[in-house]
Amino acid sequence: QEKSSRLSAALFGEDCEISHDQLYELLKYAALGKRHNATQPSWCRISHQSHLAGVVVIVLHEMSQPHFYKFYLQFRHLRKVFQHRFILTPSTNFFTSLYGEGANLKPQNTAQGLTSTGSECIPKNSDLQCDPIIRKYGIKTQGLTSYILTLEEQRKNDYPIKGSPGCKGYIYTECDQQRTDSSPLFGLDCEMCLTEKGNEVTRVSLVDAQGQCLLNELVKPESRVMNYRTRFSGVTKKMLLPVKTRLSDIQTRLKEMLPHDAVLVGHSLNADLQALEMIHPSVIDTSLLFARNEGRRFKLKFLAKAVLGKEIQCEQKLGHDPAEDARAALELAQFFIEQGPAKVAELNLEMLLTTEKLAEDSQNKAALQPQRCRIQKQLNEPPHISKPCFLDCLQVTGQKPVLLGRQGLDSSGLCQSNLSTSNKQILQRALEDVPLSTFSIIQFSLGPEYIASHLLALCEQVRNKLTDMLTIYAGPFEEGFCLHSVKKEFGRCGPIQSLTVVTETYQPYVCIHYEVLEAAQLALESLNGAEVAGSCIKVQRPVTAAMLDCDDLIKELELDVENEGVIYVAGLKKSLTEMDLQEEFSQLKDLETLFLPKDLQSGKHRNCCFLKFQESQSAADALEVINGWTVKGSKLRSRNALASGHLWRWIWQMNHSNGEQGGHILYEKMEQLSDSEQDLRKKVKKLDHHIKKLYRSLQNNTLCVVLFPGVN
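Final position of the sequence shown in the numbering used here is 1630; the numbers increase by one with none missing.
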């Protein structure tokens, strides 16, 4: 449902296939916005993400693409409302690839047999008492003064202290005013080089509480430089050549800029103050604030990613950016102060660090493996996907994800069936719980009696029906008719997959199998009763039981929301380029996209194209203009699109895949399927009604995604 927030995807035809990684990008950004390192998806765009009321993912358990097209007429609501449709590439572990590892979802079975869960890898209160952060600061949220280092803590951690023997000649900031919880915070970070004297400052950054950079200066060292440490500092000899600023200048400016009640924030700030040769009485050190056992410390890069969701100190950059580091340390302190120790402890940073190291070790080992061994391992084992779990990030921000369905998820992501629950019960629970959550996964199922082994038979049924819809018979022709003339005439309707002469009849007929559905329909509509190769012919599709509802199906495909405002144009010369066609069709009003189908193996384009218009009326007007239009000597034919996006890709795959199956086994399964098909149609229709009811209950600006995950 779209109002101020909008999803736009420019995928069309050949590009309508997405991976689980791309789906993950979409869901993560929709759920988190720019927090926790989420970014706009690479393949589509969500405008005004902050206006999204929520994200709802409806999973149709063990259903796949063949189900959608087999029961296309029954999925009345689904096909009329959901305007973006994509092929989802297979995944070994569907749920892990959906929302990343680390979710550790544990089902809670209620009296009704429902599985409902939030992301429950958060430590319990009893576990929190052992956390070093809780042991140090307690569980209650406190003001910033509670986290300022005491004089004893400063002495213990090698901070420059007024009157200490090692701080002779150091500049005192004279910020002696009493600190309160309203005192201003400033982030400070320095980059150093190694000189004959020791560590000397080469760059200084200071940011205020709003993250504004107040100072970002290069500093020329007093002594001869032995090592610029460019890899870490980003500072080179060339950069310092024109610099006139000295340490004394920086000391003076910092002393002038800092208010008398200022609190400096930094990560291992003692090293920065030592290099600056300055003493400041009130500091918050984030390397000590986020306490660990045995005196160990988290790195700033890890904390920024785990707590703030920000990538800093990226390898692509030359050295660290002190302004970026100062800002990150400041934001970490602000997060700690605002959220309190309990929330920080709930992040379970120690576990996240362990997970990150394991992932890095796994990647390093994989990189060291010989290619042959690596390929063999990939063939034998399911791929290992390491992604941060954004459901956990939602918990940290106070949002509780919801999972409802017959199948619960244990910590390994495996489904645990609870077959006593009906889709109706799941729907009722969803209508209650979904409005209270910003992220929900609702799983419906056809039921245990419809087992996954039927999928093979279902695929074959859909394949056979689409093959029949792409096939036409034309004739009768005179003996010795010109086959080339027939191929040329029918080829003007669109790309032909195969053409054969039928000789079993009294007079010869021709069987034509097209690559696109529109071509077969166009041939049926324009050439039935026409004179071709000297004969007045009849054009018809194969007559089978499955084809009896073909006219209804064609009519509904024309009305499909995916084909709204899209027309099919055939009869193009293959020498025409996309640029030629853009120029030819530029005069058409409201033309938005031109899609020129290509053979996905050879890369050569076909003699047809699809035109998408901004308005349906503009498409209707274009149809009248184009029919009979001549482009560079080629007469065009056109009609409303039937399979411009997802179905076009699916038909192409079907045409180019091996359809051979075990005959006897397949026959038996098709027999089983036909016995219960009427019952199955009713179930799918009811399922579509459940989706409709749930969809209509959603708030405006809710992103709703329906998934057919398939089997294996």
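The C-beta atom is built at its ideal place from N, Cα and C for all residues, glycine as well.
Check, Outcome
"Contact the segment 1407–1427 vs the segment 1439–1455: 3+ CB pairs below 8 Å", "yes"
"DSSP-derived helix/strand/coil call for R1557", "strand"
"Given 8 Å, three or more beta-carbon pairs between the segment 1603–1612 and the segment 953–972", "no"
"Validate contact between the segment 1087–1098 and the segment 1180–1198 using beta carbons, cut 8 Å, 3 pairs", "yes"
"Other residues of its chain near L1376: CB distance less than 6 Å, five sequence neighbours each side excluded", "P984, K988"
"Between the CA atoms of A1127 and L1248 - distance to the nearest angstrom", "7 Å"
"Close Cβ partners of D1470 (< 8 Å) along its chain, the five nearest in sequence each way excluded", "L991"
"Residues near R1097 by beta carbon distance below 7 Å, same chain, minus five either side", "T1063, I1066, D1179, V1181, S1200"
"Close beta carbons around I1051, own chain, < 6 Å, minus the five adjacent residues each side", "A1209, P1259, V1262, A1263"
"Under the three-state DSSP convention, the category Q1361 falls into", "strand"
"Buried versus exposed, by CB contacts within 10 Å (16 or more), G1489", "buried"
"DSSP beta-bridge partners of N1525", "DSSP, once it has assigned bridges, lists no residue as partnering N1525."
"Where E1109 falls, given that 16 or more other Cβ within 10 Å makes a residue buried", "buried"
"Distance CB(L1374)-CB(A1451) smaller than 9 Å", "no"
"Local Cβ density within 10 Å of P1515, reported as buried at 16 or more and exposed below that", "buried"
"Length at least 4, wholly inside the segment 1455–1519: the alpha helix (DSSP H) runs in chain order", "1468–1477, 1496–1503"
"L1191 classed as buried or exposed, judged by whether at least 16 other C-beta atoms fall within 10 angstroms", "buried"
"Contact set for N1145: own chain, Cβ-Cβ below 6 Å, skip 5 residues either direction", "L1112"
"Continuous alpha helix (DSSP H) stretch holding T1170: start and end", "1165–1175"
"Nearest-angstrom Cβ-Cβ length linking A1463 and L1506, presumed shorter than 8 Å", "Rounded, the Cβ-Cβ distance is 42 Å, inconsistent with contact."
"Cβ separation of A1392 and C1411, assumed to be a contact under 8 Å, to the nearest whole Å", "Their Cβ separation, rounded to whole angstroms, is 11 Å, which puts A1392 and C1411 out of contact at 8 Å."
"Contact under 9 Å by Cβ, E980 with S1363", "yes"
"Paired residues, beta bridge with G972 - DSSP", "T1620"
"Three-state class that DSSP yields for Q1287 in the structure shown", "Because Q1287 sits at a pLDDT of 47, beneath the cut-off of 50, its placement in the model cannot be relied upon, and the point is left open."
"Inter-residue Cα distance where the pair is T1423 and I1455", "14 Å"
"Validate contact between the segment 1419–1434 and the segment 1536–1553 using beta carbons, cut 8 Å, 3 pairs", "no"
"Residue closest to G1628, alpha-carbon to alpha-carbon, out of L945, I1005, L944, Q1001", "I1005"
"Three-state class that DSSP yields for V1602 in the structure shown", "helix"
"M1387 - DSSP class collapsed to helix/strand/coil", "helix"
"Alpha-carbon spacing of D1099 relative to R1142, whole angstroms", "43 Å"
"Host beta strand (DSSP E) of Q1415 (start-end)", "1414–1420"
"Whole-angstrom distance between K1611 and G1227, CA atom to CA atom", "36 Å"
"T1120 classed as buried or exposed, judged by whether at least 16 other C-beta atoms fall within 10 angstroms", "buried"
"is_contact[E1242, chain C] using C-beta, thresh 9 Å", "Protein chain content of the structure displayed is limited to a single chain, and chain C is not contained in it."
"DSSP state of S982 mapped onto helix, strand, coil", "coil"
"Helix, strand or coil at G1546 according to DSSP, with G and I counted as helix", "coil"
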